[in-house]
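Enquirer: First the structure, which I've put down as structure tokens, then a few questions once you've had a look.
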Amino acid sequence: MINHEGRIKAAFASGVFVLKLCGDVRLTLCATLDRQAQQLAETPGLETLIIDLRDTTNVDSTALGFLAKVAMAVQGRVSEPPTIIADNPDVQRMLDVMGFSRIFTLVDAPITEARELHDLPEIPTDVEETRQRVLEAHRILMRLNEHNREEFQPLVEMLEAQQAASHGP
Numbered sequence: 001m002i003n004h005e006g007r008i009k010a011a012f013a014s015g016v017f018v019l020k021l022c023g024d025v026r027l028t029l030c031a032t033l034d035r036q037a038q039q040l041a042e043t044p045g046l047e048t049l050i051i052d053l054r055d056t057t058n059v060d061s062t063a064l065g066f067l068a069k070v071a072m073a074v075q076g077r078v079s080e081p082p083t084i085i086a087d088n089p090d091v092q093r094m095l096d097v098m099g100f101s102r103i104f105t106l107v108d109a110p111i112t113e114a115r116e117l118h119d120l121p122e123i124p125t126d127v128e129e130t131r132q133r134v135l136e137a138h139r140i141l142m143r144l145n146e147h148n149r150e151e152f153q154p155l156v157e158m159l160e161a162q163q164a165a166s167h168g169p
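Written out as structure tokens, the structure reads:
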């Protein structure tokens, strides 16, 4: 039986950082992706970022927003745009529609296989932190293209209203 639960693996060697997403990657893993974005922004010797989605069965929009955040975190620090490897036609289509070709190089096969990936620990979050991350992820996606802006505007407005209500006057 295949484990469909999402997880994230990583490896860093010779200036190349590989982030491999496996299974069903959802907002529950966004704290992990967020921490990774912050760490990558400060990683000395980083030359190349590769995100491998070949073992991914699904990536929800919140996780996609944090993948975009990871790409933005390394902009100006790496000479080439980060690469996403995706061989699933549904995932490729989703990345295309979301405008990921603006911030990533999209390929369907790796140049070389990464070795010795290790699991990143899942970072627990509470409801409020999760809501903040969902909001941040969708704001990032909305900046990528008009399709995303139209698609996610209602969700962002709803989350902003919830946020305002929960913080009160």
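Everything in the sequence shown is counted per the UniProt record's numbering, starting at 1 for the first residue and increasing by one.
Just so it is clear, CB atoms sit at the ideal spot from N, CA and C, and this is done for glycine as well.
Taking the runs of the alpha helix (DSSP H) that are 4 residues or longer, which of them lie wholly in the region 96–165?
Expert: If we require 4 residues or more, the alpha helix (DSSP H) runs fully inside the region 96–165 come out as 127–144.
Enquirer: DSSP state of residue 28, grouped into three classes?
Expert: In this structure, residue 28 counts as helix in the three-state DSSP scheme.
Enquirer: On the three-pair Cβ rule with 8 Å, is the region 35–43 touching the region 125–133?
Expert: Output reads no: the region 125–133 does not touch the region 35–43.
Enquirer: If you reduce the DSSP assignment to three classes, tell me which class residue 2 lands in.
Expert: A caution first: residue 2 carries a pLDDT of 44, below 50, which makes its placement in the model unreliable, though a value can still be read off. In the structure shown, residue 2 sits in coil (DSSP, three-state: anything other than H, G, I, E or B).
Enquirer: Helix, strand or coil: how does DSSP classify residue 62 here?
Expert: If DSSP states are grouped into helix, strand and coil, residue 62 belongs with the helices.
Enquirer: Identify whether residue 68 lies in helix, strand or coil by the three-state DSSP scheme.
Expert: The answer is helix: DSSP assigns residue 68 an H, G or I state.
Enquirer: Hey, how far is the Cα of residue 92 from the Cα of residue 9?
Expert: Distance between the alpha carbons of residue 92 and residue 9 is about 20 Å.
Enquirer: Have a look at the DSSP bridge pairing and note the partners of residue 172.
Expert: Because the chain spans 1 through 169 in this model, residue 172 falls outside it and cannot be assessed.
Enquirer: Report the residue from 54, 32, 72, 73 whose alpha carbon sits nearest the alpha carbon of residue 109.
Expert: When each option's Cα is compared against that of residue 109, the closest is 54.
Enquirer: Under the rule that 16 or more other beta-carbon atoms within 10 Å means buried, what is residue 2, buried or exposed?
Expert: Because the pLDDT at residue 2 is just 44, under 50, the model does not fix this residue reliably, and the point stays unresolved.
Enquirer: Does the region 82–90 come close enough to the region 46–60 to have 3 or more Cβ pairs within less than 8 Å?
Expert: Touching, per the Cβ criterion.
Enquirer: Please report the residue range of the beta strand (DSSP E) in which residue 10 lies.
Expert: Taken as a continuous stretch (DSSP letters only), the beta strand (DSSP E) holding residue 10 covers 7–13.
Enquirer: Of the residues 52, 151, 97, 136, which one's Cα is nearest the Cα of residue 159?
Expert: Of the listed residues, the one whose Cα sits closest to residue 159 is 136.
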